[in-house]
Amino acid sequence: MNLTERDQKHLWHPYTQHKTAALPVGIVRGEAALLWDESGKEYIDAIASWWVNPYGHSNRFIADAIYKQLTTLEHVLFGGFTHEPAVVLSEKLVEILPSNQQKLFFSDNGSTAVEIAIKVALQYNFNQGISKTTIIAFEDAFHGDTFAAMAASGISFFTEAFQGMMIDVVRIPVPVQGKEAESMAALQKVITDKNCTAFIFEPLIQGAAGMVMYAPEALDNLLQICKENQVLTIADEVMTGFGKTGKNFACDYLKTLPDMMCLSKALTGGTIPMAITTFTTDIFDAFYDDDINKALFHGHTFTANPTGCAAALASIELLQTETMQTNIQRIHQRHLDFQKRIATHPKVSTTRVFGVIFALEIKTDSSFSYYGSLRNRLYNFFIENGVILRPVGNIVYILPPYVITDAQLQKVYEVVESALEIV
Ligand SMILES: *Cc1c(COP(=O)(O)O)cnc(C)c1O
């Protein structure tokens, strides 16, 4: 039996209806932008394996750093102890983060990074004797699948079974072009109507919603309103962090800085699960007290795992190389060229480019279920043609590893273009 067949016996996959889904592809090896399945077929990983893998698969530089750390100090508890990889990583990150981000809290994945930000926002007020419990979030947001992160997420078919069991979240429209004023008015209204503790958002681009983009000025306006009303702001940079938007962080495009940031995905270059929530000194100070009850009683067993920290340090070092920065600009330029060519295609309704992210929407005239079958047809077409892309409904996006070659990128574009012929 091959891996695909043996998988069926015991394994349960994410976001998968096992009765109707295609069987998973058994992958045995990866190198740079490529993956190979157990029959030897080659795939271009055009979504960097859910956005975690910008420096390519099986990266030797990161692997060496991990090996060195594993054979020096693989793990030590972070309660009552510290270690060099965490200290050096904190110093390195603070150098590249927005200047107001000064305190770092470790966890294991994007959802926990968000969970921690939300808990901190709630306790920040509680510690000061202020009752504020409403969280503001965007429509169609995605912030993860644990309870608070799920409550903040607005993609309803993910969360339908849990309605009524979640923290209080009020949603406002995303300030996409033409909706800026509506979004601002909605924010003003919820702040007037409710005791709002924090506003959480995916800065400038909503990944899971289908790479929905909006302008820095529009977000700056919303952040300004929050600042004026003592509402904390949480930038969920789990997807956007570490170069995807062309700058280190999407928040680098903003004038008003957030109070907290959530990092994960590309943090360790797709090697070891790790996340960090970052904070201003003002937030940290609200927990700094003689009273033990004002501490943040939150932690995970693998908090600040040294091996993960070493992987993150090596990843950031790679990100800062001239080669990687040139790659990011090169991919951006190729996307713009492809956009120019494809935007006028009769089956394309809109195209968007931001950093290394390209998205196009296919014209459809029908309902969501049609999107469902269209989505699966597209997905299967891409897999057959050796390109890994996961369309969101009728939206096809590309978010390649930065190390993808021009020839590989060209193949991805060609496969996307020929997919338009089957819809
Ligand atoms: C993926 C993602 C998350 C959740 O991260 P997990 O590691 O899957 O828990 C949260 N926020 C954003 C913006 C994401 O893209």
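In the UniProt record's numbering, the protein residues as written are 1 to 423.
Even for Gly, the Cβ is constructed at its ideal location relative to N, Cα and C.
The structure displayed is predicted, hence computed values, not measured ones.
Between Pro273 and Tyr214, the C-beta spacing is not below 8 Å.
Taking C-beta separations shorter than 8 Å and ignoring five residues to either side along the sequence, the partners of Leu34 in its chain run Glu42, Tyr43, Ile44, Asp45, His57 and Gln408, following chain order. With respect to Thr197, Ala121 sits close: the two C-beta atoms are nearer than 8 Å. Our two residues, Pro54 and Gln410, have alpha carbons roughly 18 Å apart in a direct line.
With a cut-off of 7 Å, the C-beta of Val412 is classified as distant from ligand 1, since no heavy atom of the ligand falls inside that distance. Apart from the 5 residues on each side of it in sequence, Lys132 sits with its Cβ closer than 7 Å to the Cβ of Asn125, Asn195, Cys196 and Thr197 in its chain, given in chain order. Contact annotation: the stretch 10–22 does not touch the stretch 270–290, with fewer than three C-beta pairs closer than 8 Å. At least one heavy atom of ligand 1 sits closer than 7 Å to the Cβ of Ala208. With contacts defined by Cβ atoms closer than 8 Å, Ile96 and Ser315 do not form a contacting pair. Every beta strand (DSSP E) of 3 residues or more that sits fully in the stretch 299–380 is shown, in chain order, as 348–354 and 357–362. Between the stretch 71–87 and the stretch 243–260, the count of C-beta pairs closer than 8 Å stays below three; the two stretches do not touch. Fewer than three beta-carbon pairs drawn from the stretch 266–282 and the stretch 152–169 are found closer than 8 Å, and the two stretches are therefore not classed as touching. The beta-carbon distance between Arg171 and Gly154, rounded to whole angstroms, is 6 Å. This is short enough to meet the 8 Å contact definition.
Set against 7 Å, the gap from the CB of Ser107 to the closest heavy atom of ligand 1 is not smaller. Bridge partners of His57 according to DSSP: Ala32.
Glu42 sits in a strand when the DSSP states are folded into three classes. Taking 8 Å as the upper bound for CB-CB distance, Ala209 and Asp140 are in contact here, some 4 Å apart. Excluding residues up to 5 positions away in sequence, Met239 lie with their Cβ nearer than 6 Å to the Cβ of Gly207 in the same chain.
Looking at the backbone, the Cα of Gln230 and that of Tyr402 are separated by about 39 Å. In this model, Thr405 and Val387 are separated by some 14 Å (Cα to Cα).
DSSP places Ile118 within a helical segment (H, G or I) once states are collapsed to three.
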